[in-house]
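Enquirer:
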Amino acid sequence: MKYAGTLGLSFIALPAYGFPSVSELINLIKGRFFMKPVKIPTDSERTVPELPREGPGIPVETALNSRCTSDYNEAPEIFHWGMFDKNRKLSPEQISQVREFIKIPRFTPHHLDVRIRENILTFIIDNRVSGIDRDWLMVESGMQQQTAGLICSALGIGMVFKNLGKDGTRMSETEHSTVNIRVDAMKPTYSGRFWITSPPVGNKPWLKGTFPDPDRKGSKPLIPALSSLTIHHKSAKALTAHSLGQLLWAARGRTPHLYKSRAWGMTIPTWGGEQNISGVYLILNGKIFRYVNWRKNRPTHSLEEIGQTEKELNEQLKKHFPSDDTFIVLGRNETFGRSLWEVGYQMMNILLQAYASDIAYEAILLDESRKAVFRDIGIKAPVAAVALGRNKWKPDKL
Numbered sequence: 243m244k245y246a247g248t249l250g251l252s253f254i255a256l257p258a259y260g261f262p263s264v265s266e267l268i269n270l271i272k273g274r275f276f277m278k279p280v281k282i283p284t285d286s287e288r289t290v291p292e293l294p295r296e297g298p299g300i301p302v303e304t305a306l307n308s309r310c311t312s313d314y315n316e317a318p319e320i321f322h323w324g325m326f327d328k329n330r331k332l333s334p335e336q337i338s339q340v341r342e343f344i345k346i347p348r349f350t351p352h353h354l355d356v357r358i359r360e361n362i363l364t365f366i367i368d369n370r371v372s373g374i375d376r377d378w379l380m381v382e383s384g385m386q387q388q389t390a391g392l393i394c395s396a397l398g399i400g401m402v403f404k405n406l407g408k409d410g411t412r413m414s415e416t417e418h419s420t421v422n423i424r425v426d427a428m429k430p431t432y433s434g435r436f437w438i439t440s441p442p443v444g445n446k447p448w449l450k451g452t453f454p455d456p457d458r459k460g461s462k463p464l465i466p467a468l469s470s471l472t473i474h475h476k477s478a479k480a481l482t483a484h485s486l487g488q489l490l491w492a493a494r495g496r497t498p499h500l501y502k503s504r505a506w507g508m509t510i511p512t513w514g515g516e517q518n519i520s521g522v523y524l525i526l527n528g529k530i531f532r533y534v535n536w537r538k539n540r541p542t543h544s545l546e547e548i549g550q551t552e553k554e555l556n557e558q559l560k561k562h563f564p565s566d567d568t569f570i571v572l573g574r575n576e577t578f579g580r581s582l583w584e585v586g587y588q589m590m591n592i593l594l595q596a597y598a599s600d601i602a603y604e605a606i607l608l609d610e611s612r613k614a615v616f617r618d619i620g621i622k623a624p625v626a627a628v629a630l631g632r633n634k635w636k637p638d639k640l
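Here is the structure:
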């Protein structure tokens with residue numbers, strides 16, 4: 243018999259995201275002082291689950307809206323929203339299937355791998371690579387991590403990160419591990435189902451923002467999309483306010499699950515619930531916006547204008563990106579490797595959503611010359627961008 247402990251929860255509130263409500267505080271206290279370790283049966287006592295048949299057909303948007311991490315305490319409102327099933331365990335074949343589905347479009351030629359040891363996935367990069375190429379590899383590793391999480395979301399499998407440090411850890415002269423992810427059987431978390439297509443509700447309900455509400459249902463299945471994804475996609479379909487907002491929501495939008503008793507669910511995982519490791523920006527019509535997913539202590543879907551581009555800088559953008567005039571830029575707010583992984587989470591989500599929505603795009607990991615252009619515009623630490631052809635679309639309200 244094994245025991246799964248519960249982690250102490252932080253009482254530190256982030257001012258920008260408001261203070262906990264009474265019910266959130268009660269759950270925080272309950273998790274801190276009253277949750278007991280859960281007894282886990284031995285592997286021989288656990289049975290293999292039959293995964294839900296709908297899993298391979300779950301759309302991109304539903305997988306994004308339903309993703310969450312899991313634990314064994316069987317109380318979603320306390321810490322992780324997902325519930326591992328202590329009486330069931332994944333078979334080696336089911337774990338191998340998760341690994342088989344992990345496919346990302348590559349930017350670099352360097353060694354990048356995911357290895358299985360029992361029910362642990364270890365994410366590995368080439369330790370011999372340095373400088374900007376290493377940063378790019380870290381982003382690609384983040385894309386792999388996010389892909390694993392979305393696959394689990396679609397297939398009805400539980401997952402949780404086992405951190406190896408904010409920069410990962412050295413394995414050998416040639417290999418470096420970024421994170422471990424544990425995968426295992428899980429219980430349905432959303433009212434008896436594995437998936438949910440509604441926005442956040444409860445004490446912190448959805449606050450309408452700048453954009454039309456995002457689609458959380460979709461039509462293109464996630465699993466086949468992973469095999470078709472590339473770093474650029476051509477389409478004659480015009481960009482609209484809804485489809486642009488959909489890309490931003492996919493990158494960093496709010497979802498219905500709780501994390502650490504707070505309404506902090508997002509389409510990406512966060513390190514211990516930290517909300518400001520990276521940021522998402524939009525350049526459109528000579529203006530610079532920050533994507534905002536939390537306002538008035540509630541989840542939302544908005545833009546905040548933070549500046550304008552001058553004529554000379556617009557010319558620089560045209561020089562580097564002659565076919566595009568709308569850009570989603572992903573930046574980091576710290577120097578740890580985890581911020582690059584988070585950029586990778588957002589990049590993977592944008593590409594999947596753009597593909598699912600049939601929006602033309604070109605994804606770029608920024609070299610120093612292109613970073614300089616975005617820094618001059620006012621984005622402090624740009625890492626990656628997705629360039630979008632706007633087809634002369636001029637939104638009235640953005």
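Numbering (the numbering used here), first residue to last: 243 to 640.
Beta carbons are placed, not taken as given, at the ideal position from N, Cα and C, and that holds for glycine.
Which first and last residues belong to the beta strand (DSSP E) in which Y533 is found?
Expert: Along the sequence shown, one-based indexing puts residue 533 at 291. It spans 529–537 - the beta strand (DSSP E) in which Y533 sits, taken as one unbroken run.
Enquirer: Do H475 and A602 have their beta-carbon atoms positioned less than 8 Å apart in this structure?
Expert: Walking along the sequence shown from the start, residue 602 turns up at place 360. Walking along the sequence shown from the start, residue 475 turns up at place 233. Yes, they are a contact pair.
Enquirer: Under 8 Å, do L559 and A626 count as touching if we go by C-beta distance?
Expert: Taking the sequence shown and counting its residues from 1, the one referred to as residue 559 is at position 317. Taking the sequence shown and counting its residues from 1, the one referred to as residue 626 is at position 384. No, these two residues do not count as a Cβ contact at 8 Å.
Enquirer: I'd like to check one pair, K331 with D426: are the Cβ atoms closer than 8 Å?
Expert: Counting from one through the sequence shown, the residue named residue 426 turns up at place 184. Counting from one through the sequence shown, the residue named residue 331 turns up at place 89. Closer than 8 Å, so yes.
Enquirer: Rounded to whole angstroms, how far is the Cβ of I300 from the Cβ of W437, which I believe are closer than 8 Å?
Expert: Reading the sequence shown from its first residue, position 58 is the one you call residue 300. Reading the sequence shown from its first residue, position 195 is the one you call residue 437. Rounded, the Cβ-Cβ distance is 6 Å, consistent with contact.
Enquirer: Output needed for K622: all residues of its chain with C-beta closer than 7 Å, excluding positions within five of it in sequence on either side, in chain order.
Expert: Taking the first residue of the sequence shown as position 1, residue 622 is located at position 380. Result list for K622: G573, in chain order.
Enquirer: What does the Cβ neighbour count give for I362, buried or exposed, with the cut at 16 atoms within 10 Å?
Expert: In the sequence shown, residue 362 corresponds to position 120, counting from 1. With fewer than 16 other Cβ atoms within 10 Å, it is exposed.
Enquirer: Quick check: D327 and K459, are their CB atoms within less than 8 Å of each other?
Expert: Here residue 327 refers to the residue found at position 85 when the sequence shown is read from its first residue. Here residue 459 refers to the residue found at position 217 when the sequence shown is read from its first residue. The answer is no: Cβ separation not under 8 Å.
Enquirer: Can the beta-carbon of K529 be found closer than 8 Å to that of E546?
Expert: Start at 1 with the first residue of the sequence shown, and residue 529 comes out as number 287. Start at 1 with the first residue of the sequence shown, and residue 546 comes out as number 304. No; because the gap between Cβ atoms is not below 8 Å, this pair is not in contact.
Enquirer: Determine the extent of the alpha helix (DSSP H) in which H562 is found, giving its start and end residues.
Expert: Within the sequence shown, residue 562 is the residue found at index 320, counting from 1. Element bounds for H562: 553–562.
Enquirer: Three Cβ pairs or more, each shorter than 8 Å: is that satisfied between the stretch 406–417 and the stretch 444–457?
Expert: At 8 Å Cβ cutoff, the stretches do not touch.
Enquirer: Let's test the definition: count the other Cβ atoms within 10 Å of the Cβ of K553 and tell me whether it reaches 16, buried, or not, exposed.
Expert: Looking up residue 553 in the sequence shown gives position 311. Answer is exposed; the Cβ neighbour count stays below 16.
Enquirer: What residue does the alpha helix (DSSP H) around A504 start on, and which one ends it?
Expert: Start at 1 with the first residue of the sequence shown, and residue 504 comes out as number 262. Before going on, a small fix: residue 504 reads as Arg here, not Ala. Careful: R504 lies outside any alpha helix (DSSP H) and carries neither H nor E.
Enquirer: May I ask which residues mark the beginning and end of the alpha helix (DSSP H) holding D377?
Expert: Indexing the sequence shown from 1 puts residue 377 at position 135. From DSSP, the alpha helix (DSSP H) with D377 extends over 373–397.
Enquirer: By Cβ distance below 6 Å, which residues in the same chain neighbour A629 in space, the five residues on each side in sequence not counted?
Expert: For this step, residue 629 is matched to residue 387 along the sequence shown. Cβ neighbours of A629 beyond the five flanking positions: F563, D566, F569, E604.
Enquirer: Can you say whether K502 is buried or exposed, counting buried as having 16 or more other CB atoms within 10 angstroms of its CB?
Expert: Position 260 of the sequence shown, counting from 1, holds the residue named residue 502. By the neighbour-count rule (16 or more Cβ atoms within 10 Å), K502 is buried.
Enquirer: Assuming V340 is part of the alpha helix (DSSP H), what are its boundary residues?
Expert: For the purposes of this step, residue 340 is taken as the residue at position 98 of the sequence shown. First-last of the alpha helix (DSSP H) with V340: 334–343.
Enquirer: Does the stretch 285–299 touch the stretch 490–499, meaning 3 or more C-beta pairs lie closer than 8 Å?
Expert: The stretch 490–499 vs the stretch 285–299: no contact.
Enquirer: Just to confirm, is the Cβ distance from Y597 to A467 under 8 Å?
Expert: Translated into positions along the sequence shown, residue 597 becomes position 355. Translated into positions along the sequence shown, residue 467 becomes position 225. Closer than 8 Å, so yes.
Enquirer: What residue does the beta strand (DSSP E) around G297 start on, and which one ends it?
Expert: For this step, residue 297 is matched to residue 55 along the sequence shown. First-last for G297: undefined, no H or E at that position.
Enquirer: Beta-carbon within less than 6 Å of G451's beta-carbon, same chain only, minus the 5 sequence neighbours each way: which residues are those?
Expert: The residue labelled residue 451 in the question sits at position 209 within the sequence shown. Closer than 6 Å at Cβ, skipping near neighbours: T542, H543, S544.
Enquirer: What's the gap between the Cα of T248 and the Cα of P279?
Expert: The residue labelled residue 248 in the question sits at position 6 within the sequence shown. The residue labelled residue 279 in the question sits at position 37 within the sequence shown. Residue confidence is low: T248 scores 45 on pLDDT, short of 50, so the model does not pin down where it sits. No coordinate-derived value is stated.
Enquirer: For the stretch 532–542 and the stretch 604–617, state whether three or more C-beta atom pairs, one from each stretch, are separated by less than 8 Å.
Expert: Touching, no.
Enquirer: Tell me the rounded alpha-carbon separation between G631 and G384.
Expert: In the sequence shown, counting from the first residue as 1, residue 631 sits at position 389. In the sequence shown, counting from the first residue as 1, residue 384 sits at position 142. Cα to Cα, G631 sits roughly 26 Å from G384.
Enquirer: Under three-state DSSP, which class holds H418?
Expert: Translated into positions along the sequence shown, residue 418 becomes position 176. Strand at H418.
Enquirer: DSSP puts D313 in a beta bridge; with which residues?
Expert: In the sequence shown, counting from the first residue as 1, residue 313 sits at position 71. Answer by DSSP bridge pairing, in chain order: M325.
Enquirer: Terminal residues of the continuous alpha helix (DSSP H) containing D618?
Expert: As a working mapping, residue 618 is identified with position 376 in the sequence shown. First-last of the alpha helix (DSSP H) with D618: 610–619.
Enquirer: Is I510 near Y587, with beta carbons less than 8 Å apart?
Expert: As a first step, residue 510 is located in the sequence shown; it is residue number 268 there, counting from the start. As a first step, residue 587 is located in the sequence shown; it is residue number 345 there, counting from the start. In this structure, Y587 lies closer than 8 Å to I510 by Cβ.
Enquirer: Over the uninterrupted beta strand (DSSP E) stretch that includes A626, give me the two end residues.
Expert: On the sequence shown, residue 626 is found 384 positions in, with the first residue counted as 1. Looking at the DSSP string, the run of the beta strand (DSSP E) that includes A626 is 624–630.
Enquirer: Within a Cβ cutoff of 8 Å, which residues of the same chain sit near L471, ignoring the five residues on either side of it in sequence?
Expert: Within the sequence shown, residue 471 is the residue found at index 229, counting from 1. Cβ within range, chain order: K345, I346, P347, L593, L594, Y597.
Enquirer: For T431 and T289, I'd like the C-alpha separation in whole angstroms.
Expert: Residue mapping note: residue 431 aligns to position 189 of the sequence shown, counting from 1. Residue mapping note: residue 289 aligns to position 47 of the sequence shown, counting from 1. Roughly 19 Å between the two C-alpha positions.
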